[in-house]
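1576 is the number that the numbering used here gives to position 324 of the sequence shown; each next residue is one higher, with no gaps.
Even glycine gets a Cβ: it sits at the ideal position worked out from N, Cα and C.
The next block holds one structure in the form of structure tokens; read it before the comments.
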Amino acid sequence: MTRSNPNFPSDLDIKPSSSVLNGFNQLSDDRFGADAQTQAIQAYGIAGRVWEASYAMLAYLDRASPTLDGHDVITLDPPPFTETIHLSGSTSEDDPLTILELGSGTGLVAARIGAYLQHERAIMVATDLPEVCSLLQKNLRGCATVEVHPLSWGSHQDALSIASSLALGSARRLAYIICSDLVYFPALLAPLLRTLLHLTSEPVVAPSQPPPRIIVSYKIRSLAKETSFWGAFGLWFTFAPVLARRRASGDGERNEGRWDRFVPVPGQDETFVFIGHRRPESRIWSIPEDDEGLLGGVGAWGTMDHKVDDTFETMLLMSLGTMDE
Ligand SMILES: C[S@@+](CC[C@H](N)C(=O)[O-])C[C@H]1O[C@@H](n2cnc3c(N)ncnc32)[C@H](O)[C@@H]1O
């Protein structure tokens, strides 16, 4: 694995993203606009850009923000937790909602989700590499419900120290883990998966607690480099795309179309929003210490041979079938 800074690869050549090209009205928030991204890219490299999948995450979780399709989608399955917070038992005094985001980058997603948290003890935890935390601190300064913590993927120590400072696995239950645009460089895939395993294992999650729900937004950039993540992730976690029912075109207000995979911006079929859960049986499997073994499926299903899960591949084939219709 390369030990160079993952935010400054030698061929780095990136420009700010545009909210308009990603389905939202022009961002009126200076912290995440084009000028702020340009400055942040100079100082923080990849972490300073707002990546496409974060707009997809917000299209799912931040339904109050105005979108260009005018909320053509009528119903989402599962419904975003931001719409059901007031109904959920986890905002009670005994179980305040706790959400953790990995690789938060500029903090756009954390800022928007944090704004939904009304309960005074509810917390949105934004995390990233230690050297990116100053960007998060700056952009999230005014967000009363958001905390920033360093969390380098693969570091059990980082996961444990967050768990201990928030009393996860005892007084608090980690309810959601948010991952936006984190599946890209091959060298980061195993450390990312390892952190997801740490955050869904004891002591972060007590045996009596339901495991956190993982919400992933992902844009395919290079399938050849990225599929090994899904092949290994699916061995330890079940996952499925969010489904959406859109208003059938050309018809009246209440005419609901069929259920399809939620594609946040119509036509951008390479963007996915998944919901994942740790497989309960996997809690007793041993997690291999070497990254190659982990990505190769060693330890999964309690055996030491290499193996791959085909959930993602099947999903891609089914999407192709839908597009041909
Ligand atoms: C492509 S950016 C996505 C940023 C943000 N989530 C978004 O969607 O705009 C990947 C993020 O992962 C972070 N990252 C990369 N390697 C990491 C590691 N080993 N541990 C923790 N975070 C890492 C980067 O600093 C960056 O913020």
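- In this structure, I1467 lies near C1431, with their beta-carbon atoms less than 9 Å apart.
- Nearest neighbour of V1384 by Cα position, chosen from P1402, W1488 and Y1368, turns out to be P1402.
- Boundaries of the alpha helix (DSSP H) around D1287: A1286 to Y1296.
- At least 9 Å separates the beta-carbon of A1299 from that of G1366.
- Within the segment 1389 to 1424, the complete beta strand (DSSP E) segments at least 3 residues long are 1398 to 1402, listed from N- to C-terminus.
- L1426 is not bridged by DSSP to any residue.
- Among the bridge pairs identified by DSSP, L1445 is matched with none.
- Look at L1313: its beta carbon is at least 8 Å from all of the heavy atoms in ligand 1.
- In this structure, DSSP gives M1309 a helical state, which the three-state scheme calls helix.
- Here the C-alpha atom of P1438 lies approximately 25 Å from the C-alpha atom of N1274.
- Non-local beta-carbon contacts of V1435 in its own chain, meaning distances under 6 Å to residues more than five positions away in sequence, involve Y1470, E1478 and F1481 in chain order.
- Taking C-alpha positions only, P1532 is separated from Q1294 by approximately 43 Å.
- Shown here, E1508 sits in a strand according to DSSP, grouped into three states.
- In terms of Cβ geometry, I1429 and I1351 form a close pair [threshold 9 Å].
- Between L1313 and P1332, the C-beta gap is smaller than 9 Å, which places the two residues in contact.
- Of all C-beta pairs linking the segment 1511 to 1518 to the segment 1459 to 1466, fewer than three are shorter than 8 Å, placing the two stretches out of contact.
- Between Q1291 and R1301, the CB-CB gap reaches or exceeds 9 Å.
- With a beta-carbon spacing of about 30 Å, W1488 and R1497 fall beyond the 8 Å limit used to define contacts.
- Distances from the CB of L1392 to the heavy atoms of ligand 1 are all 8 Å or more.
- Its chain contains A1378, L1388, N1391 and L1392 as the residues whose beta carbon lies nearer than 6 Å to that of G1359, once the 5 sequence neighbours on both sides are disregarded; these appear in chain order.
- Using a cutoff of 8 Å, the CB of V1400 does not count as near ligand 1, since none of the ligand's heavy atoms is closer than that.
- When rounded, the separation of the alpha-carbon atoms in S1416 and E1508 is 46 Å.
- DSSP places T1350 within a strand segment (E or B) once states are collapsed to three.
- In terms of CA proximity to A1423, A1458 leads the group A1458, G1406 and A1396.
- Per DSSP, the unbroken alpha helix (DSSP H) holding R1364 starts and ends at L1360 to G1366.
- The beta carbons of G1406 and P1443 sit about 3 Å from each other, so the pair counts as a contact at 8 Å.
- Judged by DSSP in its simplified three-state form, T1555 adopts coil rather than helix or strand.
- Following the DSSP letters along the chain, one finds A1476 inside the alpha helix (DSSP H) bounded by residues L1475 to W1488.
- In the three-state scheme derived from DSSP, where H, G and I count as helix and E and B as strand, I1539 is classed as coil.
- By the beta-carbon neighbour count (other beta carbons within 10 angstroms, threshold 16), G1355 is buried.
- L1546 counts as buried, since no fewer than 16 other beta carbons sit within 10 angstroms of its beta carbon.
- Closer than 8 Å to some heavy atom of ligand 1: that describes the Cβ of Y1296.
- Between A1419 and the set I1375, C1395 and L1381, the nearest pair of CA atoms involves I1375.
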